[in-house]
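Under this note's numbering, think of the first position of the sequence shown as 720, with each following residue one higher.
Backbone N, C-alpha and C fix where the C-beta goes; we use that ideal spot for every residue, glycine too.
Here the structure comes first, spelled out in structure tokens, and everything after it is commentary.
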Amino acid sequence: MPVETDLLILIEDRPGIAARAGDALGRAGINIEGVCGIAHGGQGILHILVPDERSRAARAALEEARLTVAGERDVWVMECADRPGELGRVMRLLADEGISTDLVYLTTAGKLVIGATEFGRIRAVLG
């Protein structure tokens, strides 16, 4: 299924925060399918991709580990060829339809994760 759940976690930029998230999900038996983290000025965000059916348990495990889950949303996950220009091709399809994306990263299996406020339109173009 091309739709998965992205959890947005607010973090402090210090050693051990990503480890705490990974440990918490591991103890709960939840596999991380994709991850992206960005920190600046002592603060940061961590995006963690989990299967839809495990999103509630993932959120609970992260919150039990004293991590702030600030958001949860559906994202589009698709196969993406490992070749020059592939990201541009996919993003051009969306741009040509006037769809602005606000999240792009790769999964542990090399699939492309795309988020946008107009999620239903992504499904219409790429589905």
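From the DSSP output, in three-state form, read off residue i for me.
| i | result |
| --- | --- |
| ARG739 | helix |
With a Cβ-Cβ cutoff of 9 Å, do residue i and residue j count as a contact?
| i | j | result |
| --- | --- | --- |
| GLY817 | LEU727 | no |
| LEU806 | LEU845 | no |
| VAL757 | ALA777 | A small fix is needed here, since residue 757 is Ile in this sequence, not Val. Against a cut-off of 9 Å, the Cβ pair of ALA777 and ILE757 comes out as no contact. |
| VAL754 | ILE764 | no |
| THR836 | ASP815 | no |
| LEU781 | ALA828 | no |
| ILE751 | TRP795 | no |
| LEU812 | ILE736 | no |
| ASP771 | ASP742 | no |
| VAL769 | LEU744 | yes |
Pull up the DSSP beta-bridge partners for residue i, would you.
| i | result |
| --- | --- |
| CYS799 | Per DSSP, none; premise fails for CYS799. |
| GLY753 | LEU768 and THR826 |
| ARG792 | ASP725 |
Between which two residues does the alpha helix (DSSP H) holding residue i run?
| i | result |
| --- | --- |
| ASP771 | It is not in any alpha helix (DSSP H) - ASP771 carries neither H nor E in the DSSP assignment. |
| ASP815 | 805 to 815 |
| GLY761 | Looking at the DSSP string, GLY761 is not in any alpha helix (DSSP H), and its letter there is neither H nor E. |
| ILE818 | Per DSSP, ILE818 belongs to no alpha helix (DSSP H) and is neither H nor E. |
| LEU845 | 838 to 845 |
Which residues mark the beginning and the end of the beta strand (DSSP E) in which residue i is found?
| i | result |
| --- | --- |
| LEU726 | 722 to 731 |
| ALA835 | 831 to 835 |
For this session: Spell out a yes or no on whether the segment 725 to 739 and the segment 797 to 806 are touching, meaning 3 or more CB-CB pairs, one atom from each, closer than 8 Å.
Result: no
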